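These protein sequences, in sequence, are chains A and B.
Heads up: take any position in the first sequence, counting from 1, add 752, and you land on the numbering used here.
Heads up: take any position in the second sequence, counting from 1, add 752, and you land on the numbering used here.
Protein chains: 2
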Amino acid sequence: MFTTLTEENYLKAIYHISQSSGTDVSTNAIAKQIDAKASSVTDMLKKLADKNLITYIKYKGVNLTEKGRQAAVYIIRKHRLWEVFLVDKLNFSWDEVHDVAEQLEHIKSQKLISELDAFLDFPTHDPHGDPIPDENGQIQRTNKIMLSQAQIGNSYTCVGVIDSSSEFLKYLDKHQIGIGTQIQVEAIEEFDHSMSLKINTKIMVMSKAITNNIYVKSI
Amino acid sequence: MFTTLTEENYLKAIYHISQSSGTDVSTNAIAKQIDAKASSVTDMLKKLADKNLITYIKYKGVNLTEKGRQAAVYIIRKHRLWEVFLVDKLNFSWDEVHDVAEQLEHIKSQKLISELDAFLDFPTHDPHGDPIPDENGQIQRTNKIMLSQAQIGNSYTCVGVIDSSSEFLKYLDKHQIGIGTQIQVEAIEEFDHSMSLKINTKIMVMSKAITNNIYVKSI
DNA sequence: CTCTATTTTTAGATATGTCTAAAAATAATT
DNA sequence: AATTATTTTTAGACATATCTAAAAATAGAG
Numbered sequence: 753m754f755t756t757l758t759e760e761n762y763l764k765a766i767y768h769i770s771q772s773s774g775t776d777v778s779t780n781a782i783a784k785q786i787d788a789k790a791s792s793v794t795d796m797l798k799k800l801a802d803k804n805l806i807t808y809i810k811y812k813g814v815n816l817t818e819k820g821r822q823a824a825v826y827i828i829r830k831h832r833l834w835e836v837f838l839v840d841k842l843n844f845s846w847d848e849v850h851d852v853a854e855q856l857e858h859i860k861s862q863k864l865i866s867e868l869d870a871f872l873d874f875p876t877h878d879p880h881g882d883p884i885p886d887e888n889g890q891i892q893r894t895n896k897i898m899l900s901q902a903q904i905g906n907s908y909t910c911v912g913v914i915d916s917s918s919e920f921l922k923y924l925d926k927h928q929i930g931i932g933t934q935i936q937v938e939a940i941e942e943f944d945h946s947m948s949l950k951i952n953t954k955i956m957v958m959s960k961a962i963t964n965n966i967y968v969k970s971i
Numbered sequence: 753m754f755t756t757l758t759e760e761n762y763l764k765a766i767y768h769i770s771q772s773s774g775t776d777v778s779t780n781a782i783a784k785q786i787d788a789k790a791s792s793v794t795d796m797l798k799k800l801a802d803k804n805l806i807t808y809i810k811y812k813g814v815n816l817t818e819k820g821r822q823a824a825v826y827i828i829r830k831h832r833l834w835e836v837f838l839v840d841k842l843n844f845s846w847d848e849v850h851d852v853a854e855q856l857e858h859i860k861s862q863k864l865i866s867e868l869d870a871f872l873d874f875p876t877h878d879p880h881g882d883p884i885p886d887e888n889g890q891i892q893r894t895n896k897i898m899l900s901q902a903q904i905g906n907s908y909t910c911v912g913v914i915d916s917s918s919e920f921l922k923y924l925d926k927h928q929i930g931i932g933t934q935i936q937v938e939a940i941e942e943f944d945h946s947m948s949l950k951i952n953t954k955i956m957v958m959s960k961a962i963t964n965n966i967y968v969k970s971i
């Protein structure tokens, strides 16, 4: 069934919120994510419920139906594939891709996406380390943790970021941190939980605001 | 200045009509091209005139301003570059690209287009042989003629098509005719102006309905 | 368990882009 | 030149997606 660009953005928002905050997504949470007023959200929720993309109980929040989840995940798949395209083929940096991918994700063509996938050699992760759902909507789960949860003395590889804002990504670029970068935890400051990290042979200190936004995997 | 997707489609339509039928594009001609009612077109023309994209005199038809022409040509540039991408990189055939390019042409990102252009190695023509406007809106004019205007005994190269419909392009595919195909005019039937052509060493007869839709260049 | 604060929904308005039906202007015909 | 036909525009309505302001429901605090 046909979904409008706006509907797709709502589905994506609901999906992302339910990923981080569990079930029963609130109207206000969606309004904040979409940057719209709660009343506008309520209107759209009725529409999405009519289309069986969400289950919606007044005052109780919403959940995606299987159909809605499939739709949301497919949009995310498209978004992330386009991000890979932009970085790998068109020389975009990882802080430049979001706005363009946000537009490209709404292009409707099955063949376009399957061919793009093949052209990019079936990538499994986007430039920010986020997994790319497969054509059946399956998402590979990795055993990543937030850098803030890392243990003293252990070594890790950066596998992703949470905050994908241009500002944060530029901060990482400046300190030569990217997907695949090796990080060793030298010390953790009890007071503010800031970390001393060995990165590219140099030691640097990161606040919890930073380490909360970096995903790492033990090595 | 910001242009909506709908405005862009109107500008493109006006541009294409004025290319084939000269100045003072009529409301009805636009309505037909856009597949909308004349009253809807009138509404949009007022809007485009307010934005200085067209000059519009009631009952007299419209013309693109320089600003409008630039906007239209840029959309066409984007459309044709995406068509090249789809055919050259994603294995689309030339009869499959139109609908997808129609969506992709509205993506807004200067960098995307300049990088795509470079990635495709600065193509000069799209898969149907239409010239790709450069970044300044300049369009290369070629001395092509319609195959129906070709002379007996002369040899030509196919350089483009007029009708880009899937049906017509599939007809050409079936007879192994594409951009670059050599065509020699063996005979012309006076009665219906059908042509006997030597193509790929075989002789075939084409009606004027066909030869009117193929561009060729003398060799 | 009330009362207050917050969240959510409803009601009504606005902007975009579309339509139908009728009116106005232009073009064509006799 | 007058009448008819066609084109174009206006007027008013409708659908989508949004907003503000007010009402209703839920959650939180004492």
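From the three backbone atoms N, C-alpha and C, an ideal C-beta is built for every residue, glycine too.
Please read these numbers as outputs of a predicted model, since none were measured by experiment.
Please state whether the Cβ-Cβ distance between residue i and residue j is less than 8 angstroms.
i	j	result
V911 (chain B)	K896 (chain B)	yes
Y894 (chain B)	P885 (chain B)	The question names Tyr, yet the displayed sequence has Thr at residue 894 (chain B). No. Outside cutoff.
L864 (chain B)	V793 (chain A)	no
S907 (chain A)	I966 (chain A)	no
W834 (chain B)	E848 (chain B)	no
L797 (chain B)	V814 (chain B)	yes
L816 (chain B)	Y762 (chain B)	no
V937 (chain B)	A961 (chain B)	no
P875 (chain B)	W846 (chain B)	no
N804 (chain B)	K784 (chain B)	no
F844 (chain A)	K841 (chain B)	no
G930 (chain B)	L924 (chain B)	yes
T963 (chain B)	L921 (chain B)	no
I827 (chain B)	E887 (chain B)	no
M956 (chain A)	S946 (chain A)	no
T909 (chain B)	K954 (chain B)	no
K830 (chain B)	Q855 (chain A)	no
A823 (chain A)	T755 (chain A)	yes
According to DSSP, what are the bridge partners of residue i?
i	result
N815 (chain A)	A:T807
M956 (chain B)	B:L949
Y967 (chain A)	A:M898 and A:G912
A824 (chain A)	Answer is none; A824 (chain A) lacks a bridge partner.
P883 (chain A)	A:H877
S907 (chain B)	B:Q936
Where does the unbroken beta strand (DSSP E) through residue i begin, and where does it stop?
i	result
Q892 (chain A)	Per DSSP, Q892 (chain A) belongs to no beta strand (DSSP E) and is neither H nor E.
E867 (chain A)	It is not in any beta strand (DSSP E) - E867 (chain A) instead sits in the alpha helix (DSSP H) that spans Q862 to F871.
Would you say residue i touches the ligand SAM, meaning its beta carbon is less than 7 angstroms from a heavy atom?
i	result
E919 (chain A)	Among the ligands in the structure shown, none appear at all, so the ligand SAM cannot be discussed.
Can you pull the chain A neighbours of residue i, defined as C-beta to C-beta under 7 angstroms?
i	result
K841 (chain B)	F871
I914 (chain B)	What I914 (chain B) touches in chain A: nothing, since even the nearest Cβ is about 25 angstroms away.
L805 (chain B)	Ordered by position in chain A, no residue passes the 7 angstroms Cβ test against L805 (chain B), which lies about 22 angstroms from the chain.
Can you list the residues of chain B that residue i reaches, using a CB-CB cut of under 9 angstroms?
i	result
I859 (chain A)	V852, Q855, L856 and I859
L924 (chain A)	Simply none; closest approach about 21 angstroms.
L899 (chain A)	Ordered by position in chain B, no residue passes the 9 angstroms Cβ test against L899 (chain A), which lies about 31 angstroms from the chain.
L800 (chain A)	Correct list: empty, because the minimum Cβ distance to chain B is about 22 angstroms.
Identify the contact partners of residue i in chain B, using a Cβ-Cβ distance below 7 angstroms as the criterion.
i	result
L868 (chain A)	L842
L921 (chain A)	In chain order: nothing, as chain B lies at least about 16 angstroms away.
Show which residues of chain A have a CB atom less than 8 angstroms away from the CB atom of residue i.
i	result
L763 (chain B)	Neighbours of L763 (chain B) on chain A: none; closest Cβ ~19 angstroms, over 8 angstroms.
L797 (chain B)	In chain order: nothing, as chain A lies at least about 25 angstroms away.
L816 (chain B)	Chain A residues near L816 (chain B): none, gap ~25 angstroms exceeds 8 angstroms.
May I ask which residues mark the beginning and end of the alpha helix (DSSP H) holding residue i?
i	result
Q785 (chain A)	T779 to I786
I929 (chain B)	Per DSSP, I929 (chain B) belongs to no alpha helix (DSSP H) and is neither H nor E.
N761 (chain B)	L757 to S773
H858 (chain A)	Premise fails: H858 (chain A) is in no alpha helix (DSSP H) and is neither H nor E.
D847 (chain A)	It is not in any alpha helix (DSSP H) - D847 (chain A) carries neither H nor E in the DSSP assignment.
M796 (chain A)	A790 to D802
Mind listing the chain B neighbours of residue i? Cutoff is C-beta to C-beta under 8 angstroms, in chain order.
i	result
L833 (chain A)	Those within 8 angstroms of L833 (chain A) in chain B number zero; the least Cβ separation is about 12 angstroms.
L949 (chain A)	Correct list: empty, because the minimum Cβ distance to chain B is about 33 angstroms.
ask   = Are there three or more Cβ pairs, one per stretch, closer than 8 angstroms when the stretch 765 to 783 of chain B is compared with the stretch 933 to 947 of chain A?
value = no
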